[in-house]
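Numbering (the numbering used here), first residue to last: 153 to 297.
Virtual Cβ for every residue (Gly too), placed ideally from N, Cα, C.
Bear in mind that the values here come from a model prediction, so they are computed numbers and not experimental data.
Below is one structure, written out as structure tokens, with a few remarks after it.
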Amino acid sequence: MSAAPIKSVQVFGRKKTATAVAYCKQGRGLIKVNGCPIELLEPEILRLKTFEPVLLLGQERFSNLDIRIRVKGGGYTAQIYAIRQAIAKAIVSYYQKYVDEASKKEIKEILMEYDRTLLVADPRRCEPKKFGGRSARARFQKSYR
């Protein structure tokens with residue numbers, strides 16, 4: 153058997169119906185989404201959103217970690233937000249499990265101060281349509297005469 157067990161954590165990020173599962177382990181600083189490097193992520197405009205956790209915490213914190221992300225469901229934007237949440241949660245849980253509590257707390261504070269949705273899922277969902285109208289809340293026009 154191998155000498156040392158692999159240090160790894162598995163976390164997920166969610167936004168609407170998109171779910172991103174991040175698998176974080178010791179490595180060379182690679183971040184891949186569905187097998188492709190994060191630098192090639194589409195749409196290009198939202199690519200910077202996925203880099204936010206890395207830019208906030210600094211590249212040196214990610215230099216000895218590999219993060220592999222599988223994402224499915226939702227649209228482009230929801231998937232991007234799910235990915236960034238998965239990356240942020242992965243680094244926090246890795247530091248909690250394998251490094252120390254003080255650095256985990258510091259990371260968590262930096263992320264929370266910038267944007268709470270990096271660590272906490274947004275509970276808002278689309279409201280279903282009801283009868284008697286064209287949408288969830290709008291009703292058909294009513295005539296009295």
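- For R286, the number of other beta carbons within 10 angstroms of its own is below 16, and it is reported as exposed.
- D252 has no beta-bridge partner at all, per DSSP.
- DSSP assignment within the region 197-259 yields the following whole alpha helix (DSSP H) runs of 4 residues or more, N-terminal first: 199-209 and 228-250.
- Between L200 and the set K159, K241, I235 and Q293, the nearest pair of CA atoms involves I235.
- Judged by pairs of C-beta atoms under 8 Å, the region 210-227 does not touch the region 268-278, as fewer than three such pairs exist.
- Taking all protein chains in view, the Cβ of G284 is surrounded by fewer than 16 other Cβ atoms within 10 Å, so the residue is classified as exposed.
- In this structure, DSSP gives R166 an extended state, which the three-state scheme calls strand.
- Put simply, the region 178-187 touches the region 213-227. At least three CB pairs are less than 8 Å apart.
- Straight through space, the alpha carbons of L270 and A238 are spaced by roughly 8 Å.
- P280 places its beta carbon less than 8 Å from that of A288.
- Across the set L263, S295 and Q293, the C-alpha of L263 shows the shortest separation from the C-alpha of V206.
- Non-local beta-carbon contacts of Q231 in its own chain, meaning distances under 6 Å to residues more than five positions away in sequence, involve A170 and V223 in chain order.
- One thing to note: Y247 has its Cβ within 8 Å of the Cβ of S255.
- Rounded to the nearest angstrom, the Cβ distance from G187 to A174 is 14 Å, too far for a contact under 8 Å.
- In this structure, the alpha-carbon of A240 lies about 37 Å from that of K282.
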